[in-house]
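Numbering (my numbering), first residue to last: 25 to 853. A virtual CB, placed ideally from N, CA and C, is assigned to each residue, including glycine. Accompanying notes for the structure given below.
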């Protein structure tokens with residue numbers, strides 16, 4: 025069951041499907057033996073939510089903000105192996121685009137809520153802030169320039185329910201909550217458990233995936249300990265076409281699809297009574313290994329070595345993500361109407377890069393003292409490690425005050441939060457980044473073609489000692505939150521938060537919300553709020569160098585320059601400051617008949633000084649060998665710093681995002697005791713860049729953030745998302761059918777020519793049968809009709825389509841694998 029506060033939308037592209045849904049609703053009414061009792065009509069909306077309101081008496085239907093609740097039964101019915109794909113399937117406002125040939129982003133896909141960035145949604149676990157990932161997405165993919173939260177580190181078997189708050193909430197929860205909050209609630213069972221096993225494969229026969237999971241609860245005195253473990257072995261998929269440009273006769277040279285991954289997850293959630301209160305703890309470990317590839321190097325290319333790879337080679341990227349967290353706290357009553365919650369939460373994410381099936385060409389061809397060349401290079405290396413750590417300490421109080429207005433007391437919450445963030449880059453092996461053994465650019469090293477040999481390992485050049493960093497920052501915040509039903513029909517709430525960061529100063533945000541109950545069937549709600557997002561410490565200090573050589577043998581670098589670097593100073597780019605937002609949401613909830621719920625919410629989010637990753641900045645066009653800083657200042661700056669090109673993080677743009685979320689649900693009892701639940705949802709989202717402002721007098725807005733990057737930000741996510749389907753339960757059988765709609769997307773990042781990929785419908789089907797009290801069997805498929813994105817056009821796709829990139833690259837909202845079928849068994853004890 026999906027409980028939501030959002031309504032069915034009518035859009036011309038959905039007309040045939042919505043007509044079919046309307047017919048199904050009418051047929052269901054005719055079959056219904058009797059309507060639900062009045063006291064049961066809102067059961068699907070009477071779930072008590074802990075997200076968006078600190079008053080424990082609020083249900084989803086009573087909330088002043090839109091909250092989706094995905095419960096355990098819905099999670100279990102999904103065929104998704106990982107949390108990210110599950111949310112994409114069940115929450116249309118959530119996007120989880122897939123990536124390939126994108127370095128570390130092949131292992132950690134970026135997640136987006138309401139069309140905003142991966143780092144503009146706050147993720148909580150049991151109501152506590154979840155730390156972010158160390159990986160910074162710097163390739164031409166969705167979420168470019170961000171470091172969000174790797175939600176796939178949380179095992180699905182550990183989750184009781186998921187609450188998605190689709191409303192700005194910085195004043196309530198702090199930085200990052202510009203687009204909303206995803207709160208993952210862990211299981212609390214003190215006895216029993218489940219063992220699950222699942223196997224799936226694509227219709228092509230690749231991507232074999234095995235998943236083993238276990239969940240068990242046990243008593244700890246009058247408390248509980250709930251443990252969850254998962255192991256996932258996902259085989260690679262490859263949808264590469266023939267390479268007709270680099271090899272003859274044409275053959276497949278690329279790996280284009282899901283990376284091969286192996287994941288191990290172990291989580292715990294526990295609670296024990298302590299005096300009048302309780303001690304609680306939760307957290308876990310996630311380890312994931314990925315195997316993907318870069319671009320193929322043909323045999324005659326200067327980047328390969330005939331003695332090692334006579335027919336060319338495909339560099340392999342080996343990535344490892346290790347993630348652990350632990351939260352512990354004490355909560356209990358203070359008098360009759362107040363309570364406290366004191367906690368500390370520690371999280372750590374480490375992302376390691378390594379290369380295999382590769383070579384350092386300059387290392388191999390380096391002249392040897394006494395004559396000849398070394399003719400030797402390692403074919404594997406460690407390329408470096410990124411680390412992010414976060415410690416958060418909270419003290420919260422909540423209770424109620426009799427204030428003499430209305431029939432309800434004033435529910436008040438207040439508290440303080442101290443947080444420390446740390447980011448570290450560790451350099452790779454010397455062979456991963458060096459130009460020969462001495463890394464001396466004054467020495468000319470010729471490759472097999474006579475040109476300058478490339479420095480560093482092929483595929484993913486390592487992090488250099490010059491990019492290594494170990495930095496930290498701290499913040500302190502305090503908030504006040506109050507709400508009350510001032511009349512039988514009107515609920516008002518407000519929040520105010522002040523935060524002080526050690527690196528950029530103070531910020532104050534506020535929020536006002538209301539809910540008006542016009543009748544038993546209709547309620548209106550709305551909110552206005554200001555928000556902020558502190559620049560990620562990863563964005564502040566990330567730096568990477570890719571070394572190349574010109575024909576003259578001069579060593580030059582393409583660098584991602586961190587704030588405060590000589591390059592940033594030369595260009596006049598100031599240190600990053602916080603993003604500031606203003607947003608508003610207006611919606612309604614409607615229950616026109618027993619078993620029917622309809623909700624609609626419309627929103628607008630304006631972000632000022634949004635942090636983006638710039639375009640690649642190179643010398644001025646047609647500047648040749650110019651040395652006059654007045655004529656070609658960018659060329660002169662780059663040459664003086666021995667750089668060929670540069671990218672950097674900057675507060676370069678203002679954006680406006682508008683959208684609507686509409687959801688409908690109808691649950692009915694059929695003859696014979698059967699139950700039919702029908703769901704429909706539609707999400708519209710449009711982001712527009714309203715201003716581009718360069719701090720540099722040398723870099724125009726077009727150079728700093730070019731049209732390619734604007735298209736990626738504004739058009740790479742589907743503007744229209746939708747779903748409709750249902751669940752039929754009869755005795756020991758349950759059938760789930762869901763049709764998902766992905767609107768068109770556009771990109772131009774790799775060819776310079778804009779292409780639009782058309783909208784698509786995908787259908788998922790699962791059947792579950794209860795064999796006996798202990799054993800359940802499920803089988804079904806995702807995208808059962810084997811739908812793929814449009815292929816590259818001849819005009820926009822060349823040369824990528826001739827290299828094997830059949831379906832596009834930078835924007836693939838539902839992947840390129842096609843159909844996947846699964847079978848799953850679950851044993852309960």
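{"Asked": "Please state the DSSP three-state secondary structure of residue 852.", "Found": "strand"}
{"Asked": "From residue 227 to residue 767, what does the alpha carbon distance come to, in whole angstroms?", "Found": "24 Å"}
{"Asked": "How should residue 223 be labelled, buried or exposed, when 16 other C-beta atoms within 10 angstroms of its C-beta is the threshold for buried?", "Found": "exposed"}
{"Asked": "Provide the residue span of the alpha helix (DSSP H) that contains residue 595, from first to last.", "Found": "590-595"}
{"Asked": "Taking the beta strand (DSSP E) that residue 464 falls in, what are its first and last residues?", "Found": "It is not in any beta strand (DSSP E) - residue 464 carries neither H nor E in the DSSP assignment."}
{"Asked": "Within the stretch 620-675, note down every full beta strand (DSSP E) run reaching 3 residues or more, in order along the chain.", "Found": "620-637"}
{"Asked": "Quick one: is residue 137 near chain B, going by C-beta distance under 9 Å?", "Found": "Annotation note: the requested chain B is absent from the structure, which comprises a single protein chain."}
{"Asked": "So, do the stretch 116-134 and the stretch 546-553 have three or more beta carbon pairs nearer to each other than 8 Å?", "Found": "no"}
{"Asked": "Thinking just about the alpha-carbon of each residue, which of 211, 342, 705, 837 is nearest to the one in residue 747?", "Found": "705"}
{"Asked": "Determine the direct distance from the alpha carbon of residue 161 to that of residue 129, and round the result to whole angstroms.", "Found": "6 Å"}
{"Asked": "Quick check: the stretch 383-399 against the stretch 432-448, are there 3 or more CB pairs under 8 Å?", "Found": "no"}
{"Asked": "Which of the three DSSP states, helix, strand or coil, is assigned to residue 554?", "Found": "strand"}
{"Asked": "Give a yes or no on whether the C-beta atoms belonging to residue 719 and residue 674 are separated by under 9 Å.", "Found": "yes"}
{"Asked": "According to DSSP, simplified to helix, strand and coil, what is residue 837?", "Found": "coil"}
{"Asked": "Straight-line CA distance for residue 53 to residue 808?", "Found": "Below a pLDDT of 50, predicted positions are generally treated as unreliable, and residue 53, at 33, falls in that range; the measurement from the model is reported next regardless. Distance between the alpha carbons of residue 53 and residue 808 is about 29 Å."}
{"Asked": "Around the Cβ of residue 514, are there at least 16 other Cβ atoms within 10 angstroms (buried) or fewer (exposed)?", "Found": "exposed"}
{"Asked": "Let me check one thing: in DSSP terms, what residues is residue 567 bridge-paired to?", "Found": "Partner(s): none; residue 567 has no beta bridge."}
{"Asked": "Based on Cα-Cα distance, which residue from 278, 232, 221 lies nearest to residue 830?", "Found": "278"}
{"Asked": "Exposed or buried, residue 17, counting other C-beta atoms within 10 Å across all chains shown (16 or more means buried)?", "Found": "Nothing about residue 17 can be reported from this structure: the residues present for the chain run from 25 to 853 only."}
{"Asked": "Between the beta-carbon of residue 832 and the beta-carbon of residue 815, is there less than 9 Å?", "Found": "yes"}
{"Asked": "For residue 757, is the classification buried or exposed, using 16 other Cβ atoms within 10 angstroms of its Cβ as the cut-off for buried?", "Found": "exposed"}
{"Asked": "Give me the DSSP bridge partner(s) of residue 391.", "Found": "397"}
{"Asked": "Looking only at C-alpha atoms, which of 273, 207, 376 sits nearest to residue 93?", "Found": "207"}
{"Asked": "If residue 127 and residue 157 are in contact, beta carbons under 8 Å, what's the gap, nearest whole angstrom?", "Found": "No, residue 127 and residue 157 are not in contact; Cβ-Cβ is about 14 Å, not under 8 Å."}
{"Asked": "Quick check: the Cα distance between residue 661 and residue 654, rounded to an integer number of angstroms?", "Found": "11 Å"}
{"Asked": "Using the Cα positions of residue 600 and residue 210, report the straight-line distance between them to the nearest angstrom.", "Found": "36 Å"}
{"Asked": "State buried or exposed for residue 777, treating a residue as buried only when at least 16 other CB atoms are found within 10 Å of its CB.", "Found": "exposed"}
{"Asked": "Identify whether residue 454 lies in helix, strand or coil by the three-state DSSP scheme.", "Found": "helix"}
{"Asked": "Suppose the cutoff is 6 Å on Cβ atoms and the five residues either side in sequence are ignored; what does the same chain contact list for residue 519 look like?", "Found": "195, 196, 505, 535"}
{"Asked": "If we ignore side chains and look at the alpha-carbon of each, how far apart do residue 560 and residue 368 end up?", "Found": "21 Å"}
{"Asked": "Does the count of Cβ pairs from the stretch 259-275 and the stretch 235-244 closer than 8 Å reach three?", "Found": "no"}
{"Asked": "For residue 828, tell me which candidate among 260, 364, 270 has the shortest Cα-Cα distance.", "Found": "270"}
{"Asked": "If we call anything under 9 Å between Cβ atoms a contact, is residue 789 one with residue 759?", "Found": "yes"}
{"Asked": "At 3 residues or longer, and completely inside the stretch 75-126: list those beta strand (DSSP E) runs for me, N to C.", "Found": "91-94"}
{"Asked": "When you compare only the Cα positions, how much space is there between residue 700 and residue 851?", "Found": "25 Å"}
{"Asked": "Within a Cβ cutoff of 7 Å, which residues of the same chain sit near residue 839, ignoring the five residues on either side of it in sequence?", "Found": "122"}
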